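Enquirer: Protein chains in written order, with this note's numbering: chain A, 3 to 158; chain B, 151 to 567. We treat Cβ as the ideally placed atom computed from N, Cα and C, and that holds for glycine. Bear in mind the structure is a predicted one, so any value in this text is a computation, not a measurement.
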């Protein structure tokens, strides 16, 4: 087994990629946003049902690489039912681990620690963060607004 | 080198000309298969760059001093070499640019920037662009259409990614002023029948534009035999320096272009409120150009000719055929445009597996490929595909590297599927 197969593509990561959790749409999302990766056209759309500062429900759609899909799938499990502030704190820890600012063992990542190997692959960090960007944008989006894409489409 | 029969390329001797290839990546010998993005430079090109910078460097077309004259001579000699390389005749002129992207922008902007009443493009005109294009041959035309009031029509490929003369005929109108086409699609490898399509559009009165970025290092188009007003290519895809390129075309067509870069060395006379532009090629080369780059690019053209065009073409095609055969034997892999035997690349999708993941696992085995949508997002969407993995071949690649590629893709599929 190669280094990447060991570090990057752990069984739990591949399992989430094959069967992503919370994949689909919510009946009544209160907040939503999309993230895109311009180099590959990957796109993740996150829908939230926020209630009294809590993520009551979350779903996502889109396509991406194994890292992107697994990260987003685990993210939905991790934030569902938790306070928005806790979701934001988790995003900061996850990001800090990937950018090397925080040691994986020290961060409260739970299952997401299986993605810590991504920090050894700088070109793949954006894959792991795509769904999280969409989540942060959705939280910040005005209630009931159509999904905003980032960056916005321009007419040349 | 003998032309008939074609002698095989001397692999080891050739590889020794490319120092960058002799290195390990993650403990494995580098197999550089990303040549459609950028090729590597051989020693003669590196030597030409160094020789210019160490013995001839001065600004061109300006000083009366000896060094300036030497630099000017080197630059103009590079122009002459490249004109010969691409088959330019007396009716043609060649302009140095920073690459294909700048060359295509120069054409598209040059056809509207003169403004209403002056510009080639007028409201209600039609621009036709093929659906196989790199974004560099699409976005400039989107903008040209919007700013001139012309309409943009797309010559869409069929489900297999092929273009058809009948579809072009249906799009051509008396108001069609431009037809822009690639000589080889960078995302799929499709090689459209560009000779016939350009002739068909020219017959209808359109200016014709050929993006030869992917066709310049092998199966090089010959301008003499083409009904082509503008042809663009990049230096770094033909073993030359990055940041260099060429726009070559008919003088009568180049004269229609409003210059993109106004300033020094492109005017005949200047007054406080007006100026008269110089003739070709100076009018389209404002500012100090990348002179060493032009000299290096000419050295690259000489290197290709010294190696032998027919031998390079045969070598690249054979590697592509080997890769195609190997990849098609892997369950779940679909190669785009398998019929494009003249292409120097294979682009493929894998069922249930994303190219980024394949690319990472290949990189770990020292194999460099490109993954993503290759700046051709509308084409891949039209074909119902997402991003692809692309391996592309050059004169220094070997059959062993292709076999490593096929094995590594097979292993990646086992791991990821």
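Going along chain B, which residues have a C-beta under 9 Å from residue 11 of chain A?
Expert: Residue mapping note: residue 11 of chain A aligns to position 9 of the first chain, counting from 1. The contacting residues are 507, 510, 511, 565, 566.
Enquirer: Report the rounded CA-to-CA distance for residue 314 of chain B versus residue 531 of chain B, giving the unit in angstroms.
Expert: Taking the first residue of the second chain as 1, we reach residue 314 of chain B at position 164. Taking the first residue of the second chain as 1, we reach residue 531 of chain B at position 381. Using only the alpha carbons, I get a separation of about 19 Å.
Enquirer: Residues in the stretch 511-538 of chain B with C-beta within 9 Å of chain A's C-beta atoms, listed in sequence order?
Expert: Answer set for the stretch 511-538 of chain B: 511, 513, 514, 515, 521, 522, 523, 527, 530, 531, 536, 537.
Enquirer: Quick one, are the C-beta atoms of residue 606 of chain B and residue 312 of chain B less than 8 Å apart?
Expert: Given that chain B is displayed from residue 151 to residue 567, the structure contains no residue 606 of chain B and the question cannot be resolved.
Enquirer: Taking its Cβ as the centre, do 16 or more other Cβ atoms sit within 10 Å of residue 34 of chain A, making it buried, or is it exposed?
Expert: As a first step, residue 34 of chain A is located in the first chain; it is residue number 32 there, counting from the start. Looking at its Cβ environment, which holds 16 or more other Cβ atoms inside 10 Å, residue 34 of chain A is buried.
Enquirer: Taking residue 307 of chain B as the reference, give the member of B:186, B:316, B:301, B:300 with the closest Cα.
Expert: Sequence index remark: in the second chain, residue 307 of chain B carries index 157 (1-based). Measuring from the Cα of residue 307 of chain B, the nearest candidate turns out to be B:316.
Enquirer: Say whether the stretch 274-285 of chain B touches the stretch 326-340 of chain B, bearing in mind that this needs 3 or more beta-carbon pairs closer than 8 Å, one atom from each stretch.
Expert: Cβ pair count under 8 Å is three or more, so yes.
Enquirer: Would you report the Cα separation of residue 410 of chain B and residue 368 of chain B, rounded to the nearest angstrom?
Expert: Within the second chain, the letter at position 260 stands for residue 410 of chain B. Within the second chain, the letter at position 218 stands for residue 368 of chain B. Residue 410 of chain B and residue 368 of chain B: Cα-Cα distance of roughly 30 Å.
Enquirer: Tell me the rounded alpha-carbon separation between residue 151 of chain B and residue 468 of chain B.
Expert: As a working note, residue 151 of chain B is residue 1 in the second chain. As a working note, residue 468 of chain B is residue 318 in the second chain. At residue 151 of chain B, the pLDDT of 44 sits below 50, so the modelled position is not reliable; the number obtained from the coordinates is stated separately. The alpha-carbon atoms of residue 151 of chain B and residue 468 of chain B are separated by roughly 18 Å.
Enquirer: Since residue 347 of chain B is in the beta strand (DSSP E), which residue starts that stretch and which ends it?
Expert: Translated into positions along the second chain, residue 347 of chain B becomes position 197. Run containing residue 347 of chain B: none in the beta strand (DSSP E); it sits in the alpha helix (DSSP H), 344-353.
Enquirer: Can the beta-carbon of residue 505 of chain B be found closer than 8 Å to that of residue 538 of chain B?
Expert: Here residue 505 of chain B corresponds to residue number 355 of the second chain, with the count starting at 1. Here residue 538 of chain B corresponds to residue number 388 of the second chain, with the count starting at 1. Yes.
Enquirer: With 16 as the cutoff for other CB atoms within 10 Å, does residue 198 of chain B come out buried or exposed?
Expert: By one-based count along the second chain, residue 198 of chain B stands at place 48. It is buried - the Cβ of residue 198 of chain B has at least 16 other Cβ atoms within 10 Å.
Enquirer: Consider the Cβ of residue 254 of chain B: report whether some Cβ of chain A lies at a distance smaller than 8 Å.
Expert: For the purposes of this step, residue 254 of chain B is taken as the residue at position 104 of the second chain. Chain A contact via Cβ: absent.
Enquirer: Output the distance between the C-alpha atoms of residue 383 of chain B and residue 114 of chain A, rounded to the nearest integer angstrom.
Expert: As a first step, residue 383 of chain B is located in the second chain; it is residue number 233 there, counting from the start. As a first step, residue 114 of chain A is located in the first chain; it is residue number 112 there, counting from the start. Cα to Cα, residue 383 of chain B sits roughly 46 Å from residue 114 of chain A.
Enquirer: State yes or no: is the beta carbon of residue 16 of chain A nearer than 8 Å to at least one beta carbon in chain B?
Expert: What you label residue 16 of chain A is simply residue 14 of the first chain in a count that begins at 1. Answer yes: the Cβ-Cβ gap between residue 16 of chain A and chain B drops below 8 Å somewhere.
Enquirer: Does residue 123 of chain A come within less than 8 Å of chain E when only Cβ atoms are used?
Expert: Absent from the structure is chain E; the protein chains it does hold are A and B.
Enquirer: Just to make sure I have the definition right: I need the residues of chain B whose C-beta is within less than 7 Å of the C-beta of residue 8 of chain A. Which are they?
Expert: Start at 1 with the first residue of the first chain, and residue 8 of chain A comes out as number 6. Neighbours of residue 8 of chain A on chain B: none; closest Cβ ~11 Å, over 7 Å.
Enquirer: If residue 248 of chain B and residue 271 of chain B are in contact, beta carbons under 8 Å, what's the gap, nearest whole angstrom?
Expert: Here residue 248 of chain B corresponds to residue number 98 of the second chain, with the count starting at 1. Here residue 271 of chain B corresponds to residue number 121 of the second chain, with the count starting at 1. So it is not a contact: roughly 23 Å between Cβ atoms.
Enquirer: Using a Cβ distance threshold of 8 Å, determine whether the stretch 101-108 of chain A contacts the stretch 31-50 of chain A, with at least three qualifying pairs required.
Expert: Contact fails: fewer than three Cβ-Cβ distances are below 8 Å.
Enquirer: Looking at residue 388 of chain B: is its Cβ nearer than 8 Å to the Cβ of residue 482 of chain B?
Expert: Taking the first residue of the second chain as position 1, residue 388 of chain B is located at position 238. Taking the first residue of the second chain as position 1, residue 482 of chain B is located at position 332. Contact flag unset, no.
Enquirer: Report, in whole angstroms, the separation of the C-beta atoms of residue 274 of chain B and residue 327 of chain B, which I expect to be a contact under 8 Å.
Expert: Sequence index remark: in the second chain, residue 274 of chain B carries index 124 (1-based). Sequence index remark: in the second chain, residue 327 of chain B carries index 177 (1-based). Actually they do not touch by this definition, with Cβ atoms about 10 Å apart.
Enquirer: Who are the near neighbours of residue 79 of chain A in its chain, counting only those whose CB is closer than 8 Å to its CB and skipping five residues on each side?
Expert: One-based indexing of the first chain puts residue 79 of chain A at position 77. Contacts found: 23, 24, 113.
Enquirer: Between the stretch 399-414 of chain B and the stretch 433-449 of chain B, are three or more C-beta pairs nearer than 8 Å?
Expert: Contact between the stretch 399-414 of chain B and the stretch 433-449 of chain B is present, because at least three Cβ pairs lie under 8 Å.
Enquirer: Please list, in chain order, all residues of the same chain as residue 244 of chain B whose beta carbon is under 7 Å from its beta carbon, the five residues on each side excluded.
Expert: Here residue 244 of chain B is taken as the residue at index 94 of the second chain, counted from 1. Within the same chain, residue 244 of chain B has close Cβ partners 229, 232, 233, 238, 396, 398, 431.
Enquirer: Taking only the alpha-carbon atoms, compute the straight-line gap between residue 553 of chain B and residue 476 of chain B and give it to the nearest angstrom.
Expert: Numbered from 1 along the second chain, position 403 holds the residue referred to as residue 553 of chain B. Numbered from 1 along the second chain, position 326 holds the residue referred to as residue 476 of chain B. Roughly 8 Å between the two C-alpha positions.
Enquirer: For chain B, is any of its Cβ atoms less than 8 Å away from the one on residue 43 of chain A?
Expert: Against the first chain, residue 43 of chain A aligns to sequence position 41. Yes, contact with chain B.
Enquirer: Suppose you measure from the CA of residue 126 of chain A to the CA of residue 265 of chain B; what does that come to, to the nearest Å?
Expert: Along the first chain, read from residue 1 onward, the residue named residue 126 of chain A stands at position 124. Along the second chain, read from residue 1 onward, the residue named residue 265 of chain B stands at position 115. Rounded to the nearest angstrom, the two C-alpha atoms are 45 Å apart.
Enquirer: Do we get a CB-CB distance below 8 Å when we pair residue 126 of chain A with the residues of chain B?
Expert: As a first step, residue 126 of chain A is located in the first chain; it is residue number 124 there, counting from the start. Cβ-Cβ to chain B under 8 Å: yes for residue 126 of chain A.
Enquirer: State yes or no: is the C-beta of residue 510 of chain B within less than 8 Å of the C-beta of residue 498 of chain B?
Expert: On the second chain, position 360 is the one that residue 510 of chain B refers to. On the second chain, position 348 is the one that residue 498 of chain B refers to. No; because the gap between Cβ atoms is not below 8 Å, this pair is not in contact.
Enquirer: Kindly provide the ranges of any alpha helix (DSSP H) runs that are 4 or more residues long and lie completely inside the stretch 198-244 of chain B, ordered along the chain.
Expert: Counting whole runs of 4 or more residues, the stretch 198-244 of chain B contains the alpha helix (DSSP H) stretches 216-236.
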